[in-house]
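Novice: For the sequence shown, position 83 (counting from the first letter as 1) is numbered 83 according to the UniProt record's numbering, and the numbering increases by one without interruption. Think of the CB as a built atom: it goes at the ideal place given N, C-alpha and C, for glycine as much as any other residue. Predicted model only: the values in this text are computed from it and were never measured.
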Amino acid sequence: MPPNPGEAMSARRLYPPQWRLACATLEAVLRAGAAADHRLHAAFREQRNMGSRDRAAVTALVYGVLRDLRRLQRIAGCSDANALCALQALESGYADVPHLAALGFAGAEAMAHRLRVFDPAALTPAERYNVPDAIYAYWQAELGADAAAALAQDLQRQAPVDLRVNALRATREQAQRALAASGLAAMPTPYAPLGLRLHRRVSLTALTAYRDGWIEPQDEGSQLLALLVAARPGERIVDYCAGAGGKTLALAAQMQDRGTLVAMDIDVGRLERLKPRLQRAGVRIVSLLPVDAAQVRVADFDAVLVDAPCSGTGTWRRQPEARLKALDLDALARQQYEILARAARLVRPGGRLVYATCSLLRAENDAVVERFCARHPDFLEEDAGAVLAAQGIALPGRRLRLYPHVHGTDGFFGACLRRR
Ligand SMILES: C[S@@+](CC[C@H](N)C(=O)[O-])C[C@H]1O[C@@H](n2cnc3c(N)ncnc32)[C@H](O)[C@@H]1O
Numbered sequence: 001m002p003p004n005p006g007e008a009m010s011a012r013r014l015y016p017p018q019w020r021l022a023c024a025t026l027e028a029v030l031r032a033g034a035a036a037d038h039r040l041h042a043a044f045r046e047q048r049n050m051g052s053r054d055r056a057a058v059t060a061l062v063y064g065v066l067r068d069l070r071r072l073q074r075i076a077g078c079s080d081a082n083a084l085c086a087l088q089a090l091e092s093g094y095a096d097v098p099h100l101a102a103l104g105f106a107g108a109e110a111m112a113h114r115l116r117v118f119d120p121a122a123l124t125p126a127e128r129y130n131v132p133d134a135i136y137a138y139w140q141a142e143l144g145a146d147a148a149a150a151l152a153q154d155l156q157r158q159a160p161v162d163l164r165v166n167a168l169r170a171t172r173e174q175a176q177r178a179l180a181a182s183g184l185a186a187m188p189t190p191y192a193p194l195g196l197r198l199h200r201r202v203s204l205t206a207l208t209a210y211r212d213g214w215i216e217p218q219d220e221g222s223q224l225l226a227l228l229v230a231a232r233p234g235e236r237i238v239d240y241c242a243g244a245g246g247k248t249l250a251l252a253a254q255m256q257d258r259g260t261l262v263a264m265d266i267d268v269g270r271l272e273r274l275k276p277r278l279q280r281a282g283v284r285i286v287s288l289l290p291v292d293a294a295q296v297r298v299a300d301f302d303a304v305l306v307d308a309p310c311s312g313t314g315t316w317r318r319q320p321e322a323r324l325k326a327l328d329l330d331a332l333a334r335q336q337y338e339i340l341a342r343a344a345r346l347v348r349p350g351g352r353l354v355y356a357t358c359s360l361l362r363a364e365n366d367a368v369v370e371r372f373c374a375r376h377p378d379f380l381e382e383d384a385g386a387v388l389a390a391q392g393i394a395l396p397g398r399r400l401r402l403y404p405h406v407h408g409t410d411g412f413f414g415a416c417l418r419r420r
């Protein structure tokens, strides 16, 4: 925060098109539930005259508000997008009061005053860390006050850019050298053997290593979930909720592009987005099929991964607006159980079933696995930590639980089951 908000004469210049686009985007996210990144991508594509600085300023304003929404709403006393953008601009030094007034925002002086007199001690921890009250109370009860605060604080931060090196094209060291040649320092991730981490955002599509299929953006935690499948070359595997295929690509690389890999999803539009990624990665073993396609036989696969749709609480670093979604946890858990039970039919006797989410809520994780095991005595749970240990990864625990404040990854959950 500038020392005296509203009088920061050194304020960076915020141009009218940047201000208008930031306010309009925020309005769409808050009122219509739009996804901020989609909205911004579409706007930047349309407004070709916006350069990288414009885009960076708009993105910083919109995400700055979304990461800190509850605190800013308390200060503003309202949820008006312009008021919230103005507060963010004042605090981050993007604009001062005269500048905001020149941009046409009439409440600039009032917002600067509110900022000056606001007492941060008036905030509850849930407001300070921008978490819905019910979820914060749940984390406090489950993890304890200190861990809940550490988790919530980390979920407010910006995530690093994690990459998975495509072992079909390059080793981690080769990819690291290629990125260094493009001026990017990439550090090996602590747990995932093919992960690299960048600490600044770059346009990946401009990189030769990306265009040549050596690297794919993928959070380290998501890479670890794919490793729970322990896929081997020549196996028959289904990625039951493949979406745009982040984990399908990781599985294909584990399988050295040998065997059968079926990527399914209820939303075939998402699967379409996988096609160019498969081509870039040099993967040929993947068939894209709608969920429960007739040609997929039951009890015919060595392993099935269920990366279930969920609340996404573990990914709030990347999608801060996901906190705004009203959650019906009972309905989500029912859907997750049903998907897991349908997918389980495909597993052959002796085969593996992996249940994964990017949720940090027991109702979507342990409770679903326990309900499934209680109703499917032909499946036994195995030790997820042992599955990873067999691949040289030290993350002990019967179920994989990844937290940003502990592991530096997004939040994830994974459980390993085997059919008798
Ligand atoms: C967490 S996302 C998958 C992300 C993907 N595995 C990845 O790594 O990029 C969950 C996916 O489940 C899909 N889905 C929702 N309901 C489903 C169902 N009944 N059967 C199969 N897939 C479903 C959604 O369309 C969504 O793509």
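Just reading off the beta strand (DSSP E) that residue 423 is part of, what are its end residues?
Specialist: This structure does not reach residue 423, given that the chain is present from 1 up to 420, and the question cannot be answered.
Novice: Would you say the beta carbon of R270 is closer than 7 Å to some non-hydrogen atom of ligand 1?
Specialist: In the sequence shown, the residue the question calls residue 270 occupies position 270. R270 Cβ: within cutoff of ligand 1.
Novice: Regarding S222 and ligand 3, is the C-beta to nearest heavy atom distance less than 7 Å?
Specialist: Ligand 3 is not part of this structure, which contains only ligand 1.
Novice: Leaving out five residues on either side along the sequence, give the residues of the same chain with a beta carbon under 6 Å from the beta carbon of residue 421.
Specialist: Limits of the chain in this structure are 1 at one end and 420 at the other, which puts residue 421 out of reach.
Novice: Can C241 be considered in contact with ligand 1, in the sense that its beta carbon sits closer than 7 Å to one or more heavy atoms?
Specialist: The residue labelled residue 241 in the question sits at position 241 within the sequence shown. Yes - ligand 1 has a heavy atom lying nearer than 7 Å to the Cβ of C241.
Novice: Output the residue ranges of the beta strand (DSSP E) runs that lie fully inside the region 284-371 and measure 3 residues or longer, sorted by chain position.
Specialist: List check, beta strand (DSSP E) in window: 286-290, 301-307, 347-357.
Novice: Mind checking whether the beta-carbon of K247 lies closer than 7 Å to any heavy atom of ligand 1?
Specialist: As a working mapping, residue 247 is identified with position 247 in the sequence shown. Yes, the beta carbon of K247 sits closer than 7 Å to at least one heavy atom of ligand 1.
Novice: Among the residues of its own chain, which have a CB less than 6 Å from the CB of V283, if the five just before and after it don't count?
Specialist: Counted from its first residue, the sequence shown places residue 283 at position 283. Hits under 6 Å: A252, D257.
Novice: Beta-carbon separation of C310 and L332 under 8 Å?
Specialist: Position 310 of the sequence shown holds residue 310. Position 332 of the sequence shown holds residue 332. The answer is yes: Cβ separation under 8 Å.
Novice: By how many angstroms is the C-alpha of A344 removed from the C-alpha of V298?
Specialist: As a first step, residue 298 is located in the sequence shown; it is residue number 298 there, counting from the start. As a first step, residue 344 is located in the sequence shown; it is residue number 344 there, counting from the start. Those two C-alpha atoms are separated by around 9 Å.
Novice: At which residue ranges does the region 379-415 contain complete alpha helix (DSSP H) runs of 4 or more residues, listed in the order of the chain?
Specialist: Runs of the alpha helix (DSSP H) inside the region 379-415: 384-389, 404-407.
Novice: Assign M187 to buried or exposed, taking buried as 16 or more other Cβ atoms, counted over all protein chains shown, within 10 Å of its Cβ.
Specialist: Residue 187 sits at position 187 when you count from the first residue of the sequence shown. Classification of M187: exposed, given that the 10 Å Cβ count is below 16.
Novice: In terms of residue numbering, what span does the alpha helix (DSSP H) encompassing V65 cover?
Specialist: In the sequence shown, counting from the first residue as 1, residue 65 sits at position 65. Note, V65: alpha helix (DSSP H), 52-67.
Novice: Throw me the rounded Cβ distance for the V165 and A152 pair, which I believe falls under 8 Å.
Specialist: Mapped onto the sequence shown, residue 165 falls at position 165. Mapped onto the sequence shown, residue 152 falls at position 152. Contact doesn't hold; Cβ gap of about 32 Å is too wide.
Novice: Taking only beta-carbon atoms, is R420 less than 8 Å away from chain D?
Specialist: Protein chains in the displayed structure number just one, and chain D is not present.
Novice: State the DSSP-derived secondary structure class of D146, mapped to helix, strand or coil.
Specialist: Position 146 of the sequence shown, counted from the first residue, corresponds to residue 146. In the structure shown, D146 sits in a helix (DSSP, three-state: H, G or I).
Novice: Can you tell which of Q279, G246, M255 has the C-alpha that lies nearest to the C-alpha of M264?
Specialist: Within the sequence shown, the letter at position 264 stands for residue 264. Measuring from the Cα of M264, the nearest candidate turns out to be G246.
Novice: Determine the extent of the beta strand (DSSP E) in which P188 is found, giving its start and end residues.
Specialist: For the purposes of this step, residue 188 is taken as residue 188 along the sequence shown, with counting starting at 1. From DSSP, the beta strand (DSSP E) with P188 extends over 186-188.
Novice: Check the DSSP bridge columns for E27 and list the partner residues they point to.
Specialist: Stepping through the sequence shown from its first residue, residue 27 is reached at position 27. DSSP output for E27 lists no bridge partner at all.
Novice: Which runs of the alpha helix (DSSP H), 4 residues or longer, sit entirely within the region 63-151?
Specialist: You should have 69-76, 81-92, 97-102, 108-117, 125-128, 133-143.
Novice: By Cβ distance, which residues of its chain are closer than 7 Å to R270, with the 5 residues on each side in sequence left out?
Specialist: Reading the sequence shown from its first residue, position 270 is the one you call residue 270. So the qualifying residues of the chain are G243, A244.
Novice: Taking just the CA atoms, how far does G107 sit from E7?
Specialist: As a first step, residue 7 must be located in the sequence shown, where it is residue number 7. As a first step, residue 107 must be located in the sequence shown, where it is residue number 107. For E7, the predicted structure reports a pLDDT of 37, less than 50, and the residue's modelled location is therefore unreliable. The matter cannot be settled from this model.
Novice: Nearest to D133 by alpha carbon, out of A326, S92, A43?
Specialist: Translated into positions along the sequence shown, residue 133 becomes position 133. It is A326 whose Cα lies nearest to the Cα of D133.
Novice: With DSSP collapsed to three states, give me the class of D37.
Specialist: Taking the first residue of the sequence shown as 1, we reach residue 37 at position 37. Helix.
Novice: Using only the alpha-carbon positions, how far apart do P160 and D154 sit?
Specialist: For the purposes of this step, residue 160 is taken as residue 160 along the sequence shown, with counting starting at 1. For the purposes of this step, residue 154 is taken as residue 154 along the sequence shown, with counting starting at 1. Taking the straight line joining both Cα atoms gives about 12 Å.
Novice: Among A42, Y337, T409, whose alpha-carbon lies nearest the alpha-carbon of R375?
Specialist: As a working mapping, residue 375 is identified with position 375 in the sequence shown. Answer by Cα proximity: Y337.
Novice: For P409, I'd like the list of residues in its chain whose CB is within less than 7 Å of its CB, leaving aside the five on either flank, ordered along the chain.
Specialist: Taking the first residue of the sequence shown as 1, we reach residue 409 at position 409. Rather than Pro, the amino acid found at residue 409 in this sequence is Thr. The residues are D219, E220, G221, L402.
Novice: With T208 as the anchor, note down where its alpha helix (DSSP H) starts and where it stops.
Specialist: The count along the sequence shown starts at 1 and reaches residue 208 at position 208. First-last of the alpha helix (DSSP H) with T208: 208-211.
Novice: So, with DSSP's three-state summary, where would you put R201?
Specialist: If you number the sequence shown from 1, residue 201 lands on position 201. Looking at R201 - three-state DSSP - the assignment turns out to be coil, as it is neither helix nor strand.
Novice: Let me check one thing: in DSSP terms, what residues is M264 bridge-paired to?
Specialist: Within the sequence shown, the letter at position 264 stands for residue 264. M264 is bridged to L289.
Novice: Please report the Cβ distance between residue 425 and L103, rounded to the nearest whole angstrom; I am assuming they are in contact, meaning their Cβ atoms lie under 8 Å.
Specialist: Here the chain comprises residues numbered 1 to 420, so residue 425 is not present and cannot be evaluated.
Novice: Just to confirm, is the Cβ distance from G259 to I285 under 8 Å?
Specialist: By one-based count along the sequence shown, residue 259 stands at place 259. By one-based count along the sequence shown, residue 285 stands at place 285. For G259 and I285, yes; Cβs fall inside 8 Å.
Novice: Taking 7 Å as the limit between beta carbons, can you name the residues of its chain near Q140, skipping five residues before and five after?
Specialist: One-based indexing of the sequence shown puts residue 140 at position 140. So the list reads A148, once near-sequence residues are dropped.
Novice: Which word fits N4, buried or exposed, when buried means at least 16 other C-beta atoms lie within 10 angstroms of its C-beta?
Specialist: For the purposes of this step, residue 4 is taken as the residue at position 4 of the sequence shown. Any reading at N4 is ruled out, since the residue's pLDDT is 41, under 50, leaving its predicted position unreliable.
Novice: Quick one: does the C-beta of M264 sit closer than 7 Å to a heavy atom of ligand 1?
Specialist: Mapped onto the sequence shown, residue 264 falls at position 264. Indeed, a heavy atom of ligand 1 lies less than 7 Å from the Cβ.
Novice: Is the beta carbon of I339 within less than 7 Å of some heavy atom of ligand 1?
Specialist: Locating residue 339 in the sequence shown gives position 339, counting from the first residue. It does: the Cβ of I339 is within 7 Å (strictly closer) of some heavy atom of ligand 1.
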